[in-house]
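Engineer:
Protein chains: 2
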Amino acid sequence: MKELEKQLQEKQIKPTAMRLVVLDYLLKQTSAVSLTDMEVSLKKTDRVTLYRTVKTFEEHGLVHRVEDGTGVTKFALCQPDCTANGHHDLHIHFYCTNCKETHCLPRTHIPEIMLPDGYDRQEINLLVKGLCAACKK
Amino acid sequence: MKELEKQLQEKQIKPTAMRLVVLDYLLKQTSAVSLTDMEVSLKKTDRVTLYRTVKTFEEHGLVHRVEDGTGVTKFALCQPDCTANGHHDLHIHFYCTNCKETHCLPRTHIPEIMLPDGYDRQEINLLVKGLCAACKK
DNA sequence: GCAACGCATGCAATCGTAGTGCATTATTTC
DNA sequence: GAAATAATGCACTACGATTGCATGCGTTGC
């Protein structure tokens, strides 16, 4: 359990009981989760507290927001090199149209994008939809 | 005005008064619009009717859905080669963090994406966030 | 040890968008 | 022109995001 606390403190997040529970939960996930997912899995937790917890995590570079086109915001743990100053999650997000799960594909990288003159890039979001490896079988 | 009707009929959409108004509005836009945008601009229109109108348009390949990470669905006219059988809007969508507008960049194209083994691609969504040409000045 | 402070938590409530059901109106077909 | 079909408008529901406020808890200074 000390390990969890350490992870929070490395990101300058005070390790409260709630936060440890949420971090522990996130570490166990294989796909990005919505607030509702968390709320259902972690009984006895208030939705708003979860909302603020992941918000804190996000602000400190521990989780990143995943937009998968469902209109529901999902969250997943960041790569270790993310900080409060900026996220570096330049990987592909994959939404499976069958199982409805959204996976981070951290081994992938986003190719160079050419923008028209005058456009200034700050962030890139690449979402691929299709069938995941498990559902394709 | 006959021109508008023709555009609808080419996509097998019956040209009603409402639909002509919506198409006319969409043709005048330089960025993707939300239902609320339409509702505000087109007075006297019911939100649900708009909702169903763009849904019809989408099903017939006249408009495509734009996901810009704001959680609000936006719509923009398709390229001419889209049909009811499939959209071919493989261009970049650009969300300006300053003016909050979302532009289609039809001249761009999405580079080849390498997915891990087992993943089956059906659709790609590439969203770039930053400053648009107008806001960068 | 305790008082004061700040931050975290939980509850209630609000807001905005998406979506459905149904009655009414318009349009097409014969 | 009447019947059938499709489109429209209104009422209402569902749900996620978000804020305000009161309470709880942990830390610090004395």
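Chains as they are written, first to last, in our numbering: chain H, 37 to 173; chain E, 37 to 173. Built from N, CA and C at the ideal position, the CB exists for glycine as well. Note that the structure is a prediction, hence the values are computed from the model and not measured.
#1: Quick one, are the C-beta atoms of Ile149 of chain H and Phe93 of chain H less than 8 Å apart?
#2: Less than 8 Å between CB atoms is the rule here; does Leu126 of chain H satisfy it with respect to chain E?
#3: Does the pairing of the stretch 130–141 of chain H with the stretch 141–148 of chain E give three or more beta-carbon distances under 8 Å?
#4: Grab me the residues of His96 of chain E's own chain with a C-beta within less than 7 Å of its C-beta, minus the 5 sequence neighbours each way, in chain order.
#5: Verify whether the separation of the beta carbon atoms of Val99 of chain E and Cys114 of chain E is less than 8 Å.
#6: Using CA coordinates, which residue listed in E:Lys110, E:Gln43, E:Thr52, E:Ala170 is at the minimum distance from Glu8 of chain E?
#7: List the residues of chain E that Met74 of chain H touches, going by C-beta distances under 8 Å, in chain order.
#8: Just to confirm, does Thr138 of chain H get its C-beta within under 7 Å of one of the non-hydrogen atoms of the ligand GDP?
#9: Please name the residues in the stretch 70–102 of chain E whose beta-carbon is closer than 8 Å to at least one beta-carbon of chain H, in chain order.
#10: Gln65 of chain E and Gly166 of chain H: beta carbons closer than 8 Å?
#11: Just reading off the beta strand (DSSP E) that Val102 of chain H is part of, what are its end residues?
#12: If we ignore side chains and look at the alpha-carbon of each, how far apart do Ala170 of chain H and Arg55 of chain E end up?
#13: Do you know how far the Cα of Pro51 of chain E is from the Cα of Asn161 of chain H?
#14: So is Ser77 of chain E buried or exposed if we call it buried at 16+ other beta carbons inside 10 Å?
#15: Does Lys165 of chain H come within less than 8 Å of chain E when only Cβ atoms are used?
#16: Looking at the structure shown, is Lys136 of chain H part of a helix, part of a strand, or coil, going by DSSP?
#17: Do Gly105 of chain H and Glu137 of chain E have their CB atoms nearer than 8 Å?
#18: Count the other CB atoms within 10 Å of the CB of Val84 of chain E; is the residue buried (16 or more) or exposed (fewer)?
#19: Out of E:Gln43, E:Leu151, E:Leu126, E:Gln45, state which residue places its alpha-carbon closest to the alpha-carbon of Cys140 of chain E.
#20: State the DSSP-derived secondary structure class of Leu113 of chain H, mapped to helix, strand or coil.
#21: With distances taken Cα to Cα, identify the nearest neighbour of Leu62 of chain E among E:Cys168, E:Gly107, E:Leu86.
#22: Between the alpha carbons of Val57 of chain H and Glu41 of chain E, how many angstroms are there, rounded?
#23: Hey, how far is the Cα of Ala174 of chain H from the Cα of Lys79 of chain H?
#24: Are the beta-carbon atoms belonging to Leu44 of chain E and Leu59 of chain E less than 8 Å from one another?
#25: At a Cβ threshold of 8 Å, is Cys114 of chain E touching chain H?
#26: I want to verify the contact list: residues of chain E whose CB lies under 9 Å from the CB of Thr168 of chain H, in sequence order.
Structural biologist: Quick look at the numbers:
#1: no
#2: no
#3: no
#4: Lys47, Gln48, Ile49, Ala120
#5: yes
#6: As displayed, chain E neither begins before 37 nor continues past 173, which places residue 8 of chain E out of reach and without an answer.
#7: Those do not exist, as Met74 of chain H stays about 18 Å from chain E at its closest Cβ, beyond 8 Å.
#8: With respect to the ligand GDP, the structure offers nothing, as it holds no ligand at all.
#9: If the cut-off is 8 Å between Cβ atoms, the stretch 70–102 of chain E has nothing near chain H.
#10: no
#11: 99–103
#12: 42 Å
#13: 37 Å
#14: exposed
#15: Closer than 8 Å: yes.
#16: Correct three-state label for Lys136 of chain H: coil.
#17: no
#18: exposed
#19: E:Leu126
#20: Strand at Leu113 of chain H.
#21: E:Leu86
#22: 58 Å
#23: Residue numbering for chain H in the displayed model covers 37 to 173; residue 174 of chain H lies beyond these limits and cannot be assessed.
#24: yes
#25: no
#26: For clarity, residue 168 of chain H is Cys in the given sequence; the question names Thr instead. Those within 9 Å of Cys168 of chain H in chain E are Gly154, Tyr155, Asp156.
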